[in-house]
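Trainee:
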Amino acid sequence: MSVAFLFIIVIVLGIFIVVLLSRTEGLRARLDEAERRLRILEGSAESAPARVRESSHPESRPADVPLKKNVASEPPPSRTSEPVETPIREPQKQQEQVAAAEPAAKRPQYAAAEARSEQSMPLEKAPAARPLVKPARQKSELWQKIERQLIENWTGMLGAVILTAGLGFLAVYAALSLAPVFRFFMMLAIAGSLAGAAFYLEKKPDWKKFSSWLTAAGGAVLLVSCFAAVAIPGVKWIESETAGLLLIIAGVLVNLFFAYRASAEAFASLHLLLSLIVLAVLPPALPVLLTAAGVALAGVLLAARSRWELQAVLCTVSFALYQVVRYFAMRDAGLLSQEPTDINRLIGILSTAAVASAALLQHYRAIFQSDRLERLPFFAHLVHWMTAGLGFLLYATGSKWNTIVLALATVVVFLLARYARRLRILWLYRTDTLIAQGLAFFCILTLGRWQVDAFHVGLVMFVQTMLFFALMNREGEGFLESVGLFLHLLSGVIFIALATGDIPYSDDAALLRRAGMMLALLLFSLVLYQRTLKPLLHFMPVWKVARSVIQAAFLISLYALLLPFEWSTLAVSVVAGLVFFTPHPFVKDRTTMPVLLFLPVAGLMLAAHLISGDAADDLYWRSASLAIPFLMLAVLLILRPARLDLHDGRLDSAGGMVLYFLLSCLVLGIGVMRLDYSLHSAAFLTGMLLTGLALHRFLSVPDATFPLWHALGEILHGLYLSMIFVYLLPVYWATIAVSALAATLVFVPFRMGRSDSIQSRQRIERRPGSDGIFLFLLIGLPVLFVHLFDGDAREMSSVNVFWRTLPFLALFVLQLWRPASISLSFAPTVPVVWMLAVFLGIVSYRIFEPISAMVPGVVWLLLSLVALESSGFLAGKEAHRITSRHLLYTGSIAVLAFLIRHVAVELQSEYYLGPVTARVLIQIFAIAVFLFWFTAQRADGGWFERRIQTYYLELAIAMGVLAVELEVPERWTLVVYATTPALLVALARTFASVSRLSIYGLFLFWWSVFYLTFLSSTAEMPQAHFADQNWVAGLIAMLVLVAVSILLLRERPFAGTEVPFPFSVVARLMPFVDGRRNLWIFDPLFLGAALFLYWSFDQALLTLLWVVLIFIVFSLSIVLRESHFRILSMVALGAALLRLIFFDLARSSTLTRALVFVGVGLLMLGMNSLYNRFKDRFSEAKEPQS
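Just so you know, we're using the UniProt record's numbering here: the sequence shown kicks off at 1 and counts up by one.
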């Protein structure tokens, strides 16, 4: 008991010292005020005689010159035709001058008597007073005030309290031997002491903010004590649930009273938040819910009184989170029924509605009138809607009556939006109009609960958005009109998808009814576009294309509905022709885009219908009847060609192409059904038909045709040849013949188009011998490869393979020396280079793979170097420049083959060569080869050197990372990763050609921090040896990363460094990194260090270690003059103090608790001392003088 009494005496003494210091500060402020007034009186006394002399001799100055003032900084007065004599108060003018020079000083109140004594003196009208120059508004003034309060009044005092608590924990431990009820009253005494001190200091202007913090602390202690008396063992002394709830409600009411008296938004919000947090941890009973709703509602009403938007947001968000916690607690306890009449659901819905209505309706006041977007109220309004939606969603039961509720809510919100428009709160009008439209969407989606099918749901949605668009057009609100148009088009797409996804083919009446609905909607939509959309098309041409897409989709859906009816296809064709090819009075041009979009898709649907089993037995008649409308539309397109402004040209003959396409689809359908669904035969027939039509069409195509048709013709031609090859492939003797034919077709020039458009090429001298060698290699290489991997040949030794393939190598040498004359499209040696590359790759694999699976990849790397050096040798000769280029290509293909084999084969091997694995030697050799490729770039190189060969540097880095990941022990991988950025930055500083390594060093620095945070720290720690502990390697890596961060901080700017794609996408962040380099380098390091400490050290010492890290961050903010680190350290310090209170007080032992509290207190006092010592580093620039 005596120790507890001693602890209370220490707290009272601390409060007494604080009060004494406040009194001292108040006396010092009063003394400064007296000195300032004395200086003002002396200045007034010195200037009074001069003013009297000047006023007594008015003839000494010109009539048009007014009386001069003593302040030289004022501008000359304006002249007036008739001077008006008015008395002025000269001492008061002097006071205004002093106030302008010292804006922070208060205006004195003692000069009234002297001013009244001089009122009888007639003087000329003084010039208009110059407006006072206000000091420049400092950046982040609100945050600076909060920060100054936190640093000056929080860290030091709270550090002292924590230090005292740490030293007195043994006394507190002794006090815990008291009965629970006495512990409760002791906590109440502490809360009362804090509140009493706050009420006393509230009367002191200099300590008013500090008194608010004391009030918040007292309210928090009161709430914690009430909750502890009900729920925490050791302090719990109330067993009755009713009495406990009443006690907590009493504590909540006291905090509501504190919130009502709070002079700042932050303090009022803190009291409300503490109340809701305490209520959230109570059992989910209805009285608790009603109390929480009352707290949230009171907080919203208090916020509306002073327009505290953030407090209202905090109340609604906190109440929504409380609802979530309560919902899951009730669900886990089985207390929540699925019945709509469940009392818990009804009370939850009503409480959510009450809080949300109060929060939302506060913006429907004239004080929010504005033509501009008010960001904070807009944000708060959106948050209120989201929290309301979350609350309603929690208690939703999926009842069909929700449709009526949502419909009523839609109407109410829509009318409220119109009321906001009358109040000229335009942002609220637009916001709630869109909210009402969203509620309407949800209402329509719930129609499925009334057994409404998807087609009619889409229909209602389409009609609703159409009406919304019409209403917005009538109101003349451009933004909402654009949104309505977008929603209308989107709902049209959704309606089309729903209509085509559920087609009742078995019900003819339903098909005709749906077709009629869609046709009526299409016509109504056209009228709506004509009346409302026409003025918008001039500003939004994209909607014209969207309109065409929607209309075409409507036609496709309509045709899909009528597809089974033979007679209806003619009607659809006639309607389409009348709608799109008959001149209309309101359309100047003939819209053909919908038909162009309609025909290909409808043709595919026709082919699918013919292929499906739904077609009738009378094949030819049905196919002909289905093809008639397409043929009619194609003829119409030919007669009236569509002129479309495309990006690459103008298409003038789409009708003919559509006609050929539809005929091919028709033949495809007939062929498939006539050939008993033989897909091979049908594909062969279709390929022949398409190829013939394409050749016939493209050989006579005009030069103005869109170039895409040329490429399409070549693709069809290639597919046709490939199909023939596939059909003849099973015949062995035909393979060689087809290969020869393919070689002839490939290397003989062939161009689609008219003969006069073929580019002329110079023929080279024919060499029959070289041509024969070329054809032999082309046909013989496939045979050789098949022979090498045949069943019997696989047993052949590597030496025999070498001697059998050596003649082919000699033929390749001859072919390169005397090239063939068959190829006219390429350089003569280009095909030979590629064939030689394939030959060497396959043969080297066949020779070296039986020796060791690790050798072929190394050989391919060596072959890539041979290709690279050969390319460099030939690059200086003009005649062989193209061959040199293709040698580079083949060398890169060899590197790619090595990478594939390395991943697929060599990484799986554990073969050792001495103390290391063979794969790490291969990886080191590969890195050397990649760097050799990178350094072999030529300054006058082409696109390959500029775009491909430069990637070998990144390839070498990736191979190095792979080697580190596989070969270095896991616990030391992090140290290697942490060291690598320093190596890359050093190389970037040394060699200008690899300056981008500094950016990669930054990337690897971030990756090292991530590895430290989430990978190495979470691994299991062996306990056998000290060096095997993961935290040892992690601590070493952290020290290395600190050094790397300093190196990166001093690195030259990252922006402007050329980085290849896709790294260039991330490199776009480099200007932001250069602008705030401290943040991008140190913030990830701080976060990684905090999480590393969390996962690596004992939880009892974690708070102390975190505060040490926070102290380092705060010290770094002083060194670097970075305010962001100061803010970060204060936020983190607040989190650490919460853990100190809620974790260390509850779970740590007495000794550990004492050590942690003493360490945290000393560090906080150190932070306060550092701030007061170096606060000049954080000061803003001086205010401009008047």
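Beta carbons: idealized from backbone N, C-alpha and C, even for Gly.
Note that this is a predicted model, so its numbers are computed, not measured.
#1: Using only alpha-carbon positions, find the residue among 409, 456 and 445 that is nearest to residue 433.
#2: Going by beta carbon distance, what residues of the same chain come within less than 6 Å of residue 1088, once the five residues before and after it are set aside?
#3: In chain order, what residues of the same chain have a beta carbon less than 8 Å from the beta carbon of residue 384, not counting five sequence neighbours either side?
#4: Quick one: grab the DSSP three-state call for residue 905.
#5: With a Cβ-Cβ cutoff of 8 Å, do residue 833 and residue 887 count as a contact?
#6: So, is residue 168 buried or exposed, given that buried needs 16 or more other C-beta atoms within 10 angstroms?
#7: Roughly how many whole angstroms lie between the Cα atoms of residue 930 and residue 849?
#8: Cα separation between residue 1167 and residue 1118?
#9: For the alpha helix (DSSP H) containing residue 366, list its first residue and its last residue.
#10: Return yes when at least one heavy atom of the ligand SAH lies under 7 Å from the C-beta of residue 405, else no.
#11: Whole angstroms is fine: what's the gap from residue 1123's alpha carbon to residue 1070's?
#12: In this structure, how does DSSP classify residue 911 when only helix, strand and coil are distinguished?
#13: Are the CB atoms of residue 1005 and residue 1044 within a distance shorter than 8 Å?
#14: Does the Cβ of residue 479 have 16 or more other Cβ atoms within 10 Å, making it buried, or fewer, making it exposed?
#15: So for residue 40, helix, strand or coil by DSSP?
#16: So residue 343 packs on residue 289, CB below 8 Å; how close in whole Å?
#17: Going by C-alpha distance, which of 34, 936 and 949 is nearest residue 896?
#18: Residue 405 to residue 450, Cα distance in whole Å?
#19: Return helix, strand or coil for residue 1202, following the three-state DSSP convention.
#20: Quick one: what does DSSP say residue 72 is sitting in, helix, strand or coil?
#21: How many angstroms separate the CA atom of residue 302 from the CA atom of residue 517?
#22: Measuring CB to CB, does residue 905 end up less than 8 Å from residue 963?
#23: Who are the near neighbours of residue 959 in its chain, counting only those whose CB is closer than 6 Å to its CB and skipping five residues on each side?
#24: So what does residue 425 bridge to, in DSSP terms?
#25: Residues in the same chain with beta-carbon distance under 7 Å from residue 258, minus the five sequence neighbours each way, listed in chain order, please.
#26: Assign residue 917 to one of three DSSP states: helix, strand, or coil.
#27: Does the segment 221–228 come close enough to the segment 236–252 to have 3 or more Cβ pairs within less than 8 Å?
#28: Using the C-alpha atoms, what's the distance from residue 1102 back to residue 395?
#29: So, is residue 363 buried or exposed, given that buried needs 16 or more other C-beta atoms within 10 angstroms?
#30: For residue 437, count neighbouring Cβ atoms within 10 angstroms of its own Cβ and tell me buried if that reaches 16, exposed if not.
#31: Below 8 Å on the Cβ atoms is my guess for residue 1049 versus residue 1115; work out the distance and round it to an integer in Å.
#32: Between 412, 262, 349 and 305, which has its C-alpha nearest residue 1192's C-alpha?
#33: Measure the beta-carbon distance from residue 936 to residue 868 and round it to whole angstroms, keeping in mind my assumption that it falls under 8 Å.
#34: First and last residue of the alpha helix (DSSP H) that includes residue 241?
Mentor: Walking through what the data contain:
#1: What you label residue 433 is simply residue 433 of the sequence shown in a count that begins at 1. Answer by Cα proximity: 409.
#2: In the sequence shown, counting from the first residue as 1, residue 1088 sits at position 1088. If we look at residue 1088 and ignore the five residues flanking it on each side, its Cβ neighbours are 1009, 1012 and 1013.
#3: Stepping through the sequence shown from its first residue, residue 384 is reached at position 384. Contacts found: 312, 313, 316, 356, 359 and 360.
#4: The count along the sequence shown starts at 1 and reaches residue 905 at position 905. In the three-state DSSP reduction, residue 905 falls in the coil class, being neither helix nor strand.
#5: Position 833 of the sequence shown holds residue 833. Position 887 of the sequence shown holds residue 887. For residue 833 and residue 887, yes; Cβs fall inside 8 Å.
#6: For this step, residue 168 is matched to residue 168 along the sequence shown. Caution applies to residue 168, whose pLDDT of 47 falls short of 50 and renders its modelled position unreliable; the model cannot decide the point.
#7: As a first step, residue 930 must be located in the sequence shown, where it is residue number 930. As a first step, residue 849 must be located in the sequence shown, where it is residue number 849. Between the alpha carbons of residue 930 and residue 849 lies a gap of roughly 23 Å.
#8: On the sequence shown, position 1167 is the one that residue 1167 refers to. On the sequence shown, position 1118 is the one that residue 1118 refers to. The straight-line gap from Cα to Cα measures roughly 10 Å.
#9: On the sequence shown, position 366 is the one that residue 366 refers to. Where residue 366 is concerned, there is no enclosing alpha helix (DSSP H), given that its DSSP letter is neither H nor E.
#10: Questions concerning the ligand SAH fall outside what the structure shown contains, since it holds no ligand whatsoever.
#11: Translated into the one-based positions of the sequence shown, residue 1123 becomes position 1123. Translated into the one-based positions of the sequence shown, residue 1070 becomes position 1070. Roughly 21 Å between the two C-alpha positions.
#12: Position 911 of the sequence shown, counted from the start, is the residue given in the question as residue 911. Three-state DSSP puts residue 911 in coil, outside helix and strand.
#13: Taking the sequence shown and counting its residues from 1, one reaches residue 1044 at position 1044. Taking the sequence shown and counting its residues from 1, one reaches residue 1005 at position 1005. Closer than 8 Å, so yes.
#14: Numbered from its first residue, the sequence shown carries residue 479 at position 479. So residue 479 ends up on the exposed side.
#15: The residue you call residue 40 lines up with position 40 of the sequence shown. In the structure shown, residue 40 falls within a helical segment according to DSSP collapsed to helix, strand and coil.
#16: Counting from one through the sequence shown, the residue named residue 343 turns up at place 343. Counting from one through the sequence shown, the residue named residue 289 turns up at place 289. With 8 Å as the limit, residue 343 and residue 289 do not qualify as a contact, their Cβ atoms being about 11 Å apart.
#17: Taking the sequence shown and counting its residues from 1, one reaches residue 896 at position 896. For the set 34, 936 and 949, the Cα lying nearest the Cα of residue 896 is the one of 949.
#18: As a first step, residue 405 must be located in the sequence shown, where it is residue number 405. As a first step, residue 450 must be located in the sequence shown, where it is residue number 450. Computed Cα separation, rounded: 14 Å.
#19: Because the chain spans 1 through 1186 in this model, residue 1202 falls outside it and cannot be assessed.
#20: In the sequence shown, the residue the question calls residue 72 occupies position 72. Note on residue 72: pLDDT 38, under 50, position unreliable in the model; no value is reported.
#21: The residue you call residue 302 lines up with position 302 of the sequence shown. The residue you call residue 517 lines up with position 517 of the sequence shown. Roughly 54 Å between the two C-alpha positions.
#22: Here residue 905 refers to the residue found at position 905 when the sequence shown is read from its first residue. Here residue 963 refers to the residue found at position 963 when the sequence shown is read from its first residue. Not in contact: residue 905 and residue 963 (Cβ atoms no closer than 8 Å).
#23: Translated into the one-based positions of the sequence shown, residue 959 becomes position 959. Cβ neighbours of residue 959 beyond the five flanking positions: 923, 926 and 927.
#24: The count along the sequence shown starts at 1 and reaches residue 425 at position 425. BP columns for residue 425 point to 370.
#25: As a position in the sequence shown, residue 258 is number 258, starting the count at 1. Correct list, in chain order: 215, 219 and 271.
#26: As a first step, residue 917 is located in the sequence shown; it is residue number 917 there, counting from the start. Strand, per DSSP.
#27: At 8 Å Cβ cutoff, the stretches touch.
#28: Translated into positions along the sequence shown, residue 395 becomes position 395. Translated into positions along the sequence shown, residue 1102 becomes position 1102. Counting only the Cα atoms, residue 1102 lies some 41 Å from residue 395.
#29: Here the question's residue 363 lines up with position 363 in the sequence shown. The residue in question, residue 363, is buried, as its Cβ has 16 or more Cβ neighbours within 10 Å.
#30: Taking the sequence shown and counting its residues from 1, one reaches residue 437 at position 437. Residue 437 is buried by the Cβ-count criterion.
#31: Within the sequence shown, residue 1049 is the residue found at index 1049, counting from 1. Within the sequence shown, residue 1115 is the residue found at index 1115, counting from 1. At roughly 16 Å, the Cβ-Cβ gap does not stay under 8 Å, so residue 1049 and residue 1115 are not in contact.
#32: There is no way to answer for residue 1192, as the model of the chain reaches only from 1 to 1186.
#33: Numbered from its first residue, the sequence shown carries residue 936 at position 936. Numbered from its first residue, the sequence shown carries residue 868 at position 868. By a beta-carbon distance limit of 8 Å, residue 936 contacts residue 868. Their separation comes to about 6 Å.
#34: By 1-based counting over the sequence shown, the position of residue 241 is 241. Note, residue 241: alpha helix (DSSP H), 241–261.
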